[in-house]
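Enquirer: Questions regarding the structure given below will be posed in turn.
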Amino acid sequence: MKVIIKNVTGTDFNDWCLWELKKDAGIKEGDIIEDGSYNPNNKSIHFSRGCVDCVAWVGETCEILEEN
6 MKVIIKNVTG TDFNDWCLWE LKKDAGIKEG DIIEDGSYNP NNKSIHFSRG
56 CVDCVAWVGE TCEILEEN
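Residue numbers (this note's numbering): 6 to 73.
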């Protein structure tokens, strides 16, 4: 799964989630994530940066670019 980090719906809540990813792991809008695992039950992408575990939500804080 390859996703791009972005505020898909434009909500303030998603802005806050993206701020958390940036603060905790240095992930910012426009970053491409290729090493995550996808959970189709809740549409989440789980990945790690350094020693920080991260979650992005498809359709909320990331958009799918390529499915494996």
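The beta-carbon is built from N, C-alpha and C at its ideal position, and this holds for glycine as well.
#1: Determine the burial state of isoleucine 37: buried for a count of at least 16 other Cβ atoms within 10 Å of its Cβ, exposed for fewer.
#2: Across which residues does DSSP place alanine 61 in a beta bridge pair?
#3: For the alpha helix (DSSP H) that glutamate 68 lies in, which residues bound it at each end?
#4: Let me know if phenylalanine 52 comes out buried or exposed under the rule of 16 or more other beta-carbons within 10 Å of its beta-carbon.
#5: Taking all protein chains shown into account, do 16 or more other C-beta atoms lie within 10 angstroms of the C-beta of valine 57, making it buried, or fewer, making it exposed?
Expert: Based on what the coordinates show:
#1: As a working mapping, residue 37 is identified with position 32 in the sequence shown. Answer is exposed; the Cβ neighbour count stays below 16.
#2: The residue you call residue 61 lines up with position 56 of the sequence shown. In DSSP, alanine 61 forms a bridge with Ile50.
#3: The count along the sequence shown starts at 1 and reaches residue 68 at position 63. Premise fails: glutamate 68 lies in the beta strand (DSSP E), 67-71, not in any alpha helix (DSSP H).
#4: Counting from 1 along the sequence shown, the entry for residue 52 is found at position 47. Looking at its Cβ environment, which holds 16 or more other Cβ atoms inside 10 Å, phenylalanine 52 is buried.
#5: Counted from its first residue, the sequence shown places residue 57 at position 52. When all chains shown are included, valine 57 counts as exposed.
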